[in-house]
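Residue numbers (our numbering), protein chains in the order written: chain A, 52 to 359; chain B, 6 to 378. Where a beta carbon is used, it is the ideal one built from N, C-alpha and C, also for glycine. This report concerns only the one structure given below.
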Amino acid sequence: MEQTDLGLWGVPLAILGGAIRVSTPFIFVSLGEAITERSGRINLGLEGVLVFGAMTAYAVAVLTGSPWLGVLAASASGACFGLFHGWICKFPKVNDIAIGIALMLLGSGLAFFFGKPFIQPSAPDLPAIPFGLWSNSSQVQAALNINILFLIGAALAVFLWWAFKNTRAGLIVRVVGDSSDAARAMGINPNTVRLLATAIGSALAAIGGAYLSLYYPGSWNEGISSGQGLMAVALVIFARWNPLGCFAAALLFGGAGALGPALQSVGVTQGYYLFYAAPYILTLLIMIATSSPGRALAGAPGVLSITK
Amino acid sequence: MTEIASGPVASTLGGPALAGALEWAARRAEGLVIPLAALIVGMALFSIFIMLLGKSPAQLFDLMWRGGFGSWFSVQNTLSRAAPLLLAALCVALPARLGLVVIGGEGAIVLGGVAAAAMAVLVQGAPALIGVILMGIAGAVAGGVWIGAVGALRHYRAVNETISSLLMAYIAIALMNHLVEGPLRDPASLNKPSTHPMDPAFVVGAVPGMDVHWGLVAGIIACVISWILIEKTRWGFAARIAGGNVRAAQVQGLAVGPLIVGFCALAGAFAGLAGMIEVAAVQGNANASLASGYGYTGILVAFLARHNPLAIIPVAILLGGIDASGGLLQRRMDLPDATVQVLQGMIFIVILFSETFYGRLRVFNPDLWKRPA
């Protein structure tokens with residue numbers, strides 16, 4: 052181990068590297084959920100979509116040898132789940148939150164069902180760019196070995212932030228999210244917009260799953276997700292439906308998730324499981340801090356059921 | 006579809022007594038027929054899924070029947086699995102009365118189990134009945150505090166209860182792992198970290214004449230108590246008003262906050278009791294097997310029963326049976342163990358979709374069957 056070089060400095064460095072590594076699925080799921088929620092629906096099923104995406108990506112990568120085809124297949128599978136959620140929620144009295152819970156169950160059930168034969172074989176990894184080659188320290192190199200999907204996610208966050216403000220499509224999504232009646236008055240069918248927003252959101256969430264199985268931790272098994280899909284939903288509320296906020300919050304969550312392994316790498320093993328719970332506790336604390344009775348959340352889409 | 010019948014048709018069918026009976030039946034049939042139909046449609050969709058995989062749905066349902074209900078042995082197995090499901094489903098159904106969707110029952114089960122196991126070690130050597138009661142109290146308090154906190158956060162801080170309860174389930178499982186592998190660990194448990202084995206006197210045994218532990222009876226009693234609470238007491242009535250419209254309930258002077266926290270705490274206490282029963286009747290100590298998904302299946306049970314505590318009893322037995330047949334499906338048909346989860350997911354979706362039909366089917370409209378005035 053090279054940790055003697057850096058001593059305790061290894062901890063913040065490992066957290067930074069871990070934050071970048073761990074945050075990527077959060078970025079994709081939260082950006083996807085931000086699109087869906089901006090249109091006025093909430094899809095709690097992204098957890099199931101993420102797990103199914105992880106399985107699809109891994110299976111396709113094993114069968115074709117190409118991780119990028121895996122990512123593509125995952126996003127297609129995610130879009131299918133999203134279309135299903137979007138379609139079924141347009142019926143009166145069908146509750147989007149409850150359907151999300153059911154999709155969570157069905158998505159992970161289907162993933163485990165079809166994923167069984169793929170637990171053993173190993174799939175090719177997604178490529179990463181070694182930004183740390185300038186350094187001699189293997190820890191710095193490890194921390195700055197950044198996956199391409201992280202960079203795509205960062206670019207996507209900036210693009211979505213711009214697009215919500217400046218494009219026609221962004222305006223339409225925001226109008227539908229704020230008032231179904233206003234949208235209808237403009238000649239827009241809110242159900243169609245929500246259908247597409249949910250499909251795109253789910254496709255992104257499935258890419259987050261592909262990252263899990265194809266890069267970090269880089270294997271497929273039934274414990275692949277530890278609730279990233281669900282935490283991302285809470286994260287979107289914290290980020291006030293702002294894509295740039297989603298990106299920042301995802302990094303924060305990634306850092307919290309990397310805390311346990313980072314401390315373990317310098318020999319702190321006491322309370323490992325409690326550090327493991329850090330992202331959940333952080334999410335909960337943030338939700339408590341940012342929610343408030345009696346007033347609507349600033350920036351919340353008007354028809355979103357979760358903030359009422 | 007929403008159009009109401011143009012005139013009473015019952016008069017042409019028979020006498021006024023028959024018409025009265027039909028009117029009465031139509032009023033009540035909706036809540037029974039729609040979920041049953043949804044269940045059948047869900048199973049049909051699953052049959053198609055199985056057929057697409059080249060397996061026989063007939064064989065599958067035959068095995069499911071035999072594994073779940075076909076013999077006295079399998080019925081007992083089913084009932085044992087139904088016991089925690091009854092309590093886990095109440096953890097969803099009670100808050101649902103107030104319009105809350107609490108899905109983190111798994112956390113209360115896990116913590117209830119750990120608390121009960123810790124209590125068992127603490128009071129080792131006490132008389133059996135007192136030991137069991139103290140374990141039950143410990144489990145119920147741990148679960149009640151956990152889900153009660155979800156309710157308090159909901160009411161006083163407006164934190165969404167669906168997300169917070171699930172987050173707290175993850176935290177509870179991490180806390181259990183920490184306690185079971187750390188402070189509460191029995192050094193003798195090497196391969197599977199566990200708490201110290203409890204005093205054998207505290208083991209909750211079988212109901213006489215059956216190989217099913219008393220947890221089943223506890224679950225059924227809890228369902229009946231919950232039904233009485235919801236349907237026959239003023240608290241249940243107040244909860245229904247608050248579930249319909251919080252503002253209206255507050256205008257009426259109802260203490261909505263204590264109502265929400267109380268219902269959530271009771272719901273969590275039932276789930277915690279399920280954890281205690283898992284420890285005292287099945288595991289003998291607390292270990293990672295406590296988080297085996299009863300909390301999540303309980304969500305499905307509650308929705309399938311439309312949050313009616315009495316309906317939870319047959320539904321929990323049905324799903325316990327499906328659960329029990331999982332092993333048989335794996336061995337005989339070479340299906341993955343997730344098969345049961347896929348079936349549950351499909352049924353769940355169809356059940357939620359069926360909500361859209363309530364009040365829209367003419368055949369359930371009592372006016373259609375009314376006798377002419």
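Closest Cα partner of residue i within the set the options
i, options, result
"Ala-130 of chain A", "A:Ser-316, A:Leu-281, A:Leu-246", "A:Leu-246"
"Thr-249 of chain A", "A:Val-73, A:Ile-93, A:Trp-119", "A:Ile-93"
"Thr-243 of chain A", "A:Arg-72, A:Ile-223, A:Asn-293", "A:Ile-223"
"Pro-178 of chain A", "A:Leu-101, A:Ala-112, A:Glu-273, A:Ile-148", "A:Ala-112"
"Ala-206 of chain A", "A:Gly-121, A:Ala-127, A:Phe-165, A:Pro-294", "A:Pro-294"
"Gly-241 of chain B", "B:Pro-100, B:Ala-42, B:Leu-334", "B:Pro-100"
"Pro-62 of chain B", "B:Ala-193, B:Ala-316, B:His-160, B:Leu-334", "B:Leu-334"
"Asp-191 of chain B", "B:Phe-207, B:Asn-290, B:Gly-109, B:Gly-153", "B:Asn-290"
"Arg-367 of chain B", "B:Arg-245, B:Glu-35, B:Val-146", "B:Glu-35"
"Phe-164 of chain A", "A:Pro-63, A:Ala-110, A:Gly-183, A:Tyr-262", "A:Ala-110"
"Ile-339 of chain A", "B:Leu-91, B:Ala-163, B:Ala-285, B:Arg-252", "B:Ala-163"
"Ile-180 of chain A", "A:Gly-350, A:Tyr-266, A:Cys-297", "A:Tyr-266"
"Gly-104 of chain A", "A:Asp-147, A:Ser-186, A:Ser-264", "A:Ser-264"
"Gly-144 of chain B", "B:Glu-111, B:Tyr-175, B:Leu-158", "B:Glu-111"
"Leu-82 of chain A", "A:Asn-187, A:Ile-258, A:Gly-116, A:Phe-135", "A:Ile-258"
"Gly-221 of chain A", "A:Trp-292, A:Gly-278, A:Leu-281", "A:Trp-292"
"Ile-327 of chain B", "B:Leu-37, B:Ala-30, B:Gly-59, B:Leu-84", "B:Leu-84"
Per DSSP, cross-strand counterpart(s) of residue i
i, result
"Ile-197 of chain A", "A:Ile-180"
"Thr-334 of chain A", "For Thr-334 of chain A, which the question treats as bridged, DSSP gives no partner whatsoever."
"Ala-301 of chain A", "Answer is none; Ala-301 of chain A lacks a bridge partner."
"Arg-190 of chain B", "B:Thr-200"
"Asn-292 of chain B", "B:Ser-199"
"Ala-105 of chain A", "Answer by DSSP bridge pairing: none, since Ala-105 of chain A is not bridged."
"Ala-121 of chain B", "Paired residue(s): none; Ala-121 of chain B is not in a bridge."
"Ala-211 of chain B", "B:His-218"
Proximity of residue i and residue j at Cβ, strictly below 7 Å
i, j, result
"Ala-108 of chain A", "Ala-85 of chain A", "no"
"Gly-156 of chain B", "Ala-274 of chain B", "no"
"Ala-211 of chain B", "His-201 of chain B", "no"
"Asn-82 of chain B", "Lys-197 of chain B", "no"
"Ile-356 of chain B", "Leu-323 of chain B", "no"
"Ala-329 of chain B", "Gly-72 of chain B", "yes"
"Val-115 of chain B", "Leu-278 of chain B", "no"
"Gly-380 of chain B", "Ala-88 of chain B", "Chain B is shown from 6 up to 378; residue 380 of chain B falls before or after that span and cannot be answered."
"Met-281 of chain B", "Ala-113 of chain B", "no"
"Met-338 of chain B", "Phe-51 of chain B", "no"
"Ala-194 of chain A", "Leu-314 of chain A", "no"
"Gly-204 of chain A", "Gln-192 of chain A", "no"
"Pro-330 of chain A", "Ala-307 of chain A", "yes"
"Val-102 of chain A", "Ala-256 of chain A", "no"
"Thr-87 of chain A", "Gly-278 of chain A", "no"
Endpoints, alpha helix (DSSP H) assigned at residue i
i, result
"Gly-303 of chain B", "299-309"
"Leu-57 of chain B", "21-57"
"Glu-236 of chain B", "220-237"
"Arg-336 of chain B", "331-338"
"Phe-289 of chain A", "279-289"
"Ile-78 of chain A", "61-89"
"Gly-318 of chain A", "Looking at the DSSP string, Gly-318 of chain A is not in any alpha helix (DSSP H), and its letter there is neither H nor E."
"Asp-232 of chain A", "231-236"
"Tyr-327 of chain A", "323-327"
"Tyr-363 of chain B", "Unbroken run through Tyr-363 of chain B: none, as it is neither H nor E."
"Ala-163 of chain B", "Here Ala-163 of chain B belongs to no alpha helix (DSSP H), and DSSP marks it neither H nor E."
"Asn-293 of chain A", "Asn-293 of chain A -> no alpha helix (DSSP H), and no H or E assigned at all."
"Ile-265 of chain B", "261-282"
"Arg-86 of chain B", "77-102"
"Gln-64 of chain B", "62-70"
Any non-hydrogen atom of the ligand ZN closer than 6 Å to residue i Cβ
i, result
"Val-224 of chain A", "Among the ligands in the structure shown, none appear at all, so the ligand ZN cannot be discussed."
- Query: For the segment 261-269 of chain B against the segment 96-105 of chain B, are there 3 or more C-beta pairs whose distance is under 8 Å?
  - Reply: yes
- Message: Below 8 Å, how does it come out for the segment 132-146 of chain A and the segment 197-204 of chain A: are there three or more Cβ pairs, yes or no?
- Response: no
- Message: For the pair the segment 93-102 of chain A and the segment 217-227 of chain A, tell me if three or more CB-CB distances fall below 8 Å.
- Response: no
- Query: Using 8 Å as the Cβ pair cut-off and three pairs as the minimum, do the segment 180-187 of chain B and the segment 320-335 of chain A touch?
  - Reply: yes
- Item | Stretch pair the segment 120-130 of chain B + the segment 302-313 of chain B: three plus CB contacts closer than 8 Å | no
- Query: Are at least three pairs of beta-carbons, each pair with one atom in the segment 66-79 of chain B and one in the segment 365-375 of chain B, less than 8 Å apart?
  - Reply: The answer is no - the segment 365-375 of chain B does not touch the segment 66-79 of chain B, with fewer than three Cβ pairs under 8 Å.
- Item | At least 3 beta-carbon pairs within less than 8 Å: the segment 159-178 of chain A vs the segment 341-348 of chain B | Result yes; three or more Cβ-Cβ pairs closer than 8 Å.
- Message: If contact is defined by three or more beta carbon pairs under 8 Å, each pair taking one atom from either stretch, is the segment 161-176 of chain A in contact with the segment 271-287 of chain A?
- Response: yes
- Message: Count Cβ pairs between the segment 66-75 of chain A and the segment 295-304 of chain A that sit closer than 8 Å; are there 3 or more?
- Response: yes
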